[in-house]
């Protein structure tokens, strides 16, 4: 029975349950530059010997590990952290060992019998000498200590020598790690730029940017709209596909089967005689125009995001050039997209089960490479859940290896586990179910899951109250207060959020038919002329909200989100704080767009102080109003016709002279 | 960027979160023969295609996998199960694939347009033909179906043909699994015999079985006590170490430093001139006597468990023969066990950091091998947490590979994670913190963790209300009701439990000193003469409890444990059921040994039926009393001086004629 080989029986420490860890290390966790990774692990040995534990981390391409000490936090759990300072991939793991000197030192502290102490000092002297052998630079000093310990005739004096803090620290610098245990997996962190975590997005159909007598907007006319968008405080301008639109089976207005001669078709029906995914729609301009537009946008502080829609119109050049990439039917036609009995005859999906799947993947990756070369760094990916997981994992890994600033937003409105899987395998951000979470219970449950659940390590939500496909019932029936409330919720629950405009700020709310979430006269199928100067536009309100986001670090992170009790179900209350707790934002939203609602909110002691302490100020950053609050329970009343939300900055330093000016 | 190789892009299914799984498959889960392993997994593909999922399992040495279908249970989760029928190790994993025929069939059901249906039938016919190519035995039948589908001029009739259940089942038998995904780990199950899950243990010092004028009991005198122990209904008789006891530094009565000439010493100070861990204490008898004793015990339905205490008395033969196996101090003495300022001079621990650690391990394994050859199959391991984890993992694996019926009970009264680690790496059962869980909250929290937490898959509790080291305050001060209550709790909360007797049934309750959990005049250091016939002995009560355990399968499993609400904190109420739910036991214990306590207990609907349904009977298997209850809330009142607990069998079939006799 003796043939199960054990390589080194003196390796006595066990390391378990290292966190954060996604699927046993199969996938990386995500951070942005400047964030810290707090790592915990269970580490323990048999018996009662002292254990030491260190965190090991490195930028993927660094020559060696950096180590940071881990502290015992009770119940054999250890905690350490490191800060990620560069984009790219980091690795981390944990090492731990039985520390004989530390064990000996702990025992010595508790020894009482002078004879025992005398003997213990001799043992300890040997341990110090062993440390000297490992510490060339400190060998002489250590040997002197060892000698003093060994020779001391007064055990109590010798013990004082041996327990000296400096000696302890010195020996600790040269531990005996021959039998250390290293956690058996190297875990990974993908480090993105800040925009991956924090940003306000604006989606716009460029063809609707019609200027003067134009029938079809182009990149030049879009340039004129940049000041308007930047003025609202957005960071990312996302354009639906800018490629030639298919003519064959083109859809007409309101998704009708036959297009009129002037109908522009859906931009997601990509490809026509003029080109495919690497071409620009001729009516939008040339590639040169696009480059210039990107440059102009950059001058306005706006970064362009392109749509990646891996599907083809029937007249996409791929269909003739690569018939093997599509599925053919017995009647000699190509299988269009369908979900029986629904048909999407203007869309041919790729056949990812073709023998030439490798060719398909390579070409799709080449599309992304093409736009990377053009300077695009943000991609909003259309329906990634209908393409193989492996494609995304390899595509994103390859892109990010060369271009770590690339950002991929997954538009996977699908089942939860599929949505999460896409995030695990590399998508930087993801659309969410936010649009359909309207009641307090729904919002609290969902955002608690996103901010506290296991997915927080890899799933970054990007919250959209509307999209060209999603006009929710709440917006259809709630009027102006509903738009304002959903904007505040999106912009404060999510460090990343976006709107589809100008439909949003102009409060477009008519559905194609009752019960539908499609817009009436949807821009997906026609060009809309928006009156951006309409006096009821929400553009100023949006600008204010985005300014509050930029000025309050609390709103630029998601993990600190906490919900607070309110005794009225129509009100929701939550707070966020920045990492240093120097910026605390408290949000209260009236979810009922029709009625004034009021209630008592109850804050935890870390926000409100203990009962009876001095009052604090809550400053509504939207209205400018300031309130003095005291204690944990405070009253709020919100009239949705004025503004359906408070976004309070919590200010603590009330009644100290030096802040007097500050509150004026 | 194209050099990240993907082996097969058409493998579209993802398998995640397979359960049960201990530390990502690093350790096996545990079952006993006849139990089932319910396996769940998340399995899904991109898009909307139908997925099929199977569980694969095999006895480790079986030539190939057996497969069992898994059923979708919602949210992309699948469930299947297999029964383990033999001791040893099983493996399991999960496979899943996109099923093109099933996808096609689902689409066909929803198609409406006759032209579409006609085309779909041709596509389906090709899929059926492809199945025929994979199904030599059914090829002809399948081809006929394909032909009929292809040729049908009436699409609606053709659809009926194609949707035929038999055809669906036939094609399903021959799926196209070329691109299936197999979960990337093979998970393991250790299958033990029933005794690993269910058994009542009795610990006894054989040297205290003094018969007539004996000074020191022996295996012969122990034989006389077997009927008494078996009469109480125990299954396992566990003996503290039966080896020669060290003379050097032997402890005297009540753990005094100097032993008198007649003091027998602690049996855990193993080894003397007469031999070490492979020898029998001469005063207990010979190895031959031990064999005979084991045989007699077997005749009484009792299995002998031996103590494995890997440590040495100073005069153990190992100390001279293998000085390298111990740690030497600068004064030329061997380091004894200590926890400063406490010293255990009668015990030399092995130095597991010796250069010859391999030699130590091999010899310790050889000790276990020795007793295996003598027929011992149950080992209670003393303080396994003070020996290297790797030793136990390899020792237990090696033993169980050749002797899967071996059972190892871990006596690791130590920190929670160490305790759990020992269970993970192979210990069959473990002592627990039960002895120190006395209040309802403590008991509910702890046993909820053990029966519902992640550890339930590998940690089998064995509950001991007392041991030679543990006389709890509850027993010291609670009198007879305390002993009865703790017995009922141990015997019903734990399918495995044990007592240290006769101290338990004779309600020995005096501590060595106030505040100590050590027994006064502990048998660890002296021979006790017990009066087994004392009229107040609990032996009959114990016998009744053990009979109830044997007669009620509900009490032979731990995972079904559920606690129920009671409006009095002094009462605890819980139920257990067998796998078939044909045996339901409901326990109510008065935790207050001093006062009558009463309260309303509230049962869940699955126990009590919905409000207003017919009454049911609860039959107290301890007292024989029967009560008719109705609805969810029922009143109980327990006088601890009579019996501090009800152990009810819940009987459902009230008021049906055929059960009339049954209730007489």
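Protein chains in written order, with our numbering: chain G, 840 to 1503; chain X, 840 to 1503. For each residue, glycine too, the CB sits at the ideal point set by N, CA and C.
| field | Coil, strand or helix - residue 1224 of chain X by DSSP | value | For the purposes of this step, residue 1224 of chain X is taken as the residue at position 385 of the second chain. Note: residue 1224 of chain X maps to helix in three-state DSSP.
| DSSP three-state call for residue 1287 of chain X: helix, strand or coil? | On the second chain, position 448 is the one that residue 1287 of chain X refers to. Three-state DSSP puts residue 1287 of chain X in a helix.
| request: Taking 9 Å as the cut-off, decide whether the C-beta atoms of residue 1128 of chain X and residue 1057 of chain X are in contact. | output: Along the second chain, one-based indexing puts residue 1128 of chain X at 289. Along the second chain, one-based indexing puts residue 1057 of chain X at 218. Contact flag set, yes.
| message | Distance cutoff 9 Å, beta carbons only. Does residue 853 of chain X sit that close to anything in chain G? | response | By 1-based counting over the second chain, the position of residue 853 of chain X is 14. Cβ-Cβ to chain G under 9 Å: yes for residue 853 of chain X.
| said: Using only CA atoms, which one of X:933, X:915, X:926, X:869 lies nearest to residue 896 of chain X? | reply: Indexing the second chain from 1 puts residue 896 of chain X at position 57. The shortest C-alpha separation from residue 896 of chain X is found at X:933.
| Pairwise C-alpha distance: residue 1413 of chain G and residue 1078 of chain G | The residue you call residue 1078 of chain G lines up with position 239 of the first chain. The residue you call residue 1413 of chain G lines up with position 574 of the first chain. Distance between the alpha carbons of residue 1078 of chain G and residue 1413 of chain G: 32 Å.
| query | Does the beta-carbon of residue 1376 of chain G have 16 or more other beta-carbons within 10 angstroms, so that it is buried, or is it exposed? | reply | Position 537 of the first chain, counting from 1, holds the residue named residue 1376 of chain G. Counting Cβ neighbours within 10 Å, residue 1376 of chain G comes out buried, since at least 16 surround it.
| field | Buried/exposed call for residue 1491 of chain G, threshold 16 Cβ in 10 Å | value | In the first chain, residue 1491 of chain G corresponds to position 652, counting from 1. Residue 1491 of chain G is exposed by the Cβ-count criterion.
| query | Along the stretch 1241-1258 of chain G, what residues have a CB closer than 8 Å to any CB found in chain X? | reply | Per Cβ criterion, the list reads 1241, 1254, 1255, 1256, 1257.
| task | Give the DSSP-derived three-state secondary structure of residue 1188 of chain G in the structure shown. | result | For the purposes of this step, residue 1188 of chain G is taken as the residue at position 349 of the first chain. In this structure, residue 1188 of chain G counts as strand in the three-state DSSP scheme.
| DSSP three-state call for residue 1545 of chain X: helix, strand or coil? | The structure shown has nothing for residue 1545 of chain X, since chain X only spans 840 to 1503.
| query | Any heavy atom of the ligand HEM closer than 8 Å to the Cβ of residue 1150 of chain X? | reply | Only the bare structure without any ligand can be found here, which leaves the ligand HEM out of the picture.
| query | Taking only beta-carbon atoms, is residue 883 of chain X less than 9 Å away from chain G? | reply | Residue 883 of chain X sits at position 44 when you count from the first residue of the second chain. At least one chain G Cβ lies under 9 Å of residue 883 of chain X.
| request: Using a Cβ cut-off of 9 Å (strictly closer), state whether residue 914 of chain X contacts chain G. | output: Here residue 914 of chain X corresponds to residue number 75 of the second chain, with the count starting at 1. Output row for residue 914 of chain X: interface = yes.
| request: Measuring only between beta-carbons, confirm whether residue 1502 of chain G sits less than 9 Å from chain X. | output: The count along the first chain starts at 1 and reaches residue 1502 of chain G at position 663. Note that residue 1502 of chain G scores a pLDDT of 39, beneath 50, so its modelled location is shaky and nothing firm can be said.
| request: Kindly indicate which residue of G:1177, G:1104, G:1068, G:1259 has the alpha-carbon position closest to the one of residue 1143 of chain G. | output: What you label residue 1143 of chain G is simply residue 304 of the first chain in a count that begins at 1. Considering only alpha carbons, the answer is G:1068.
| request: With 9 Å as the threshold, decide whether the Cβ of residue 1351 of chain G is near any Cβ in chain B. | output: The displayed structure is made up of protein chains G and X, and chain B is not among them.
| said: Closer than 8 Å is the cut-off here; do at least three beta carbon pairs connect the stretch 1393-1405 of chain G with the stretch 1320-1336 of chain G? | reply: The stretch 1393-1405 of chain G and the stretch 1320-1336 of chain G touch, with no fewer than 3 CB-CB distances between them shorter than 8 Å.
| request: Using the DSSP secondary-structure output, state which residues sit across from residue 1440 of chain X in a beta bridge. | output: Within the second chain, residue 1440 of chain X is the residue found at index 601, counting from 1. DSSP, once it has assigned bridges, lists X:1405, X:1473 as partnering residue 1440 of chain X.
| request: List the whole-angstrom C-beta distance separating residue 1304 of chain G from residue 1343 of chain G, where the pair is believed to meet the contact cut-off of C-beta under 8 Å. | output: Along the first chain, one-based indexing puts residue 1304 of chain G at 465. Along the first chain, one-based indexing puts residue 1343 of chain G at 504. Going by Cβ atoms, the distance from residue 1304 of chain G to residue 1343 of chain G rounds to 7 Å, so yes, they are a contact pair.
| request: Give the secondary structure of residue 847 of chain G by DSSP, where H, G and I count as helix, E and B as strand, and everything else as coil. | output: Within the first chain, the letter at position 8 stands for residue 847 of chain G. The answer is coil: DSSP assigns residue 847 of chain G none of H, G, I, E or B.
| How many angstroms separate the CA atom of residue 871 of chain X from the CA atom of residue 877 of chain X? | For the purposes of this step, residue 871 of chain X is taken as residue 32 along the second chain, with counting starting at 1. For the purposes of this step, residue 877 of chain X is taken as residue 38 along the second chain, with counting starting at 1. Going from the Cα of residue 871 of chain X to the Cα of residue 877 of chain X covers about 14 Å.
| task | Pull up the CB-CB distance for residue 1228 of chain G and residue 885 of chain X, whole angstroms please, since I reckon it's below 8 Å. | result | If you number the first chain from 1, residue 1228 of chain G lands on position 389. If you number the second chain from 1, residue 885 of chain X lands on position 46. Sure, about 6 Å apart at Cβ, within 8 Å.
| Closest residue to residue 1111 of chain G among G:1126, G:1172, G:1150 (Cα-Cα distance) | Here residue 1111 of chain G corresponds to residue number 272 of the first chain, with the count starting at 1. When only C-alpha atoms are compared, the closest one is G:1150.
| query | What's the gap between the Cα of residue 1157 of chain G and the Cα of residue 1212 of chain G? | reply | Here residue 1157 of chain G refers to the residue found at position 318 of the first chain. Here residue 1212 of chain G refers to the residue found at position 373 of the first chain. Cα to Cα, the separation comes out at about 21 Å.
| So residue 1345 of chain X is in the alpha helix (DSSP H); what residue range does that whole segment cover? | Taking the second chain and counting its residues from 1, one reaches residue 1345 of chain X at position 506. Looking at the DSSP string, residue 1345 of chain X is not in any alpha helix (DSSP H), and its letter there is neither H nor E.
| request: Indicate whether the contact test is met: 3 or more Cβ pairs, each with one atom in the stretch 919-927 of chain X and one in the stretch 1027-1037 of chain X, closer than 8 Å. | output: yes
| query | Do we get a CB-CB distance below 9 Å when we pair residue 1497 of chain X with the residues of chain G? | reply | As a first step, residue 1497 of chain X must be located in the second chain, where it is residue number 658. At residue 1497 of chain X the pLDDT is 49, less than 50, meaning the model places this residue with poor confidence and gives no usable figure here.
| request: Would you kindly check if the distance between the Cβ of residue 1423 of chain G and the Cβ of residue 1465 of chain G is under 9 Å? | output: Along the first chain, one-based indexing puts residue 1465 of chain G at 626. Along the first chain, one-based indexing puts residue 1423 of chain G at 584. Contact flag unset, no.
| So the alpha helix (DSSP H) residue 1061 of chain X belongs to, where does it begin and stop? | Your numbering for residue 1061 of chain X matches position 222 in the second chain. Looking at the DSSP string, the run of the alpha helix (DSSP H) that includes residue 1061 of chain X is 1058-1070.
| request: Kindly confirm or deny that the stretch 1005-1023 of chain X and the stretch 1032-1047 of chain X touch, where touching means at least three C-beta pairs closer than 8 Å. | output: No: the two stretches stay apart, fewer than three of their Cβ pairs being nearer than 8 Å.
| request: Please determine, among X:1166, X:1065, X:930, X:1411, the residue with the shortest C-alpha to C-alpha distance to residue 906 of chain X. | output: Your numbering for residue 906 of chain X matches position 67 in the second chain. Distances from the alpha-carbon of residue 906 of chain X to those of X:1166, X:1065, X:930, X:1411 put X:930 closest.
| message | Cutting at 7 Å between CB atoms, please list the residues of its own chain near residue 841 of chain X, excluding the five before and the five after it. | response | In the second chain, residue 841 of chain X corresponds to position 2, counting from 1. The pLDDT assigned to residue 841 of chain X is 43, lower than 50, so where the model puts this residue is not dependable, and the model offers no usable value.
| task | Compute the beta-carbon to beta-carbon distance between residue 1486 of chain X and residue 1426 of chain X, rounded to the nearest angstrom, for a pair I have assumed lies under 8 Å. | result | What you label residue 1486 of chain X is simply residue 647 of the second chain in a count that begins at 1. What you label residue 1426 of chain X is simply residue 587 of the second chain in a count that begins at 1. Right, their Cβ atoms sit about 5 Å apart.
| Quick one: does residue 932 of chain X have its CB under 9 Å from some CB of chain G? | Sequence index remark: in the second chain, residue 932 of chain X carries index 93 (1-based). Cβ-Cβ to chain G under 9 Å: no for residue 932 of chain X.
| said: Do residue 1011 of chain X and residue 941 of chain X count as a contact pair if the criterion is CB distance below 9 Å? | reply: Counting from 1 along the second chain, the entry for residue 941 of chain X is found at position 102. Counting from 1 along the second chain, the entry for residue 1011 of chain X is found at position 172. Cβ atoms of residue 941 of chain X and residue 1011 of chain X: closer than 9 Å.
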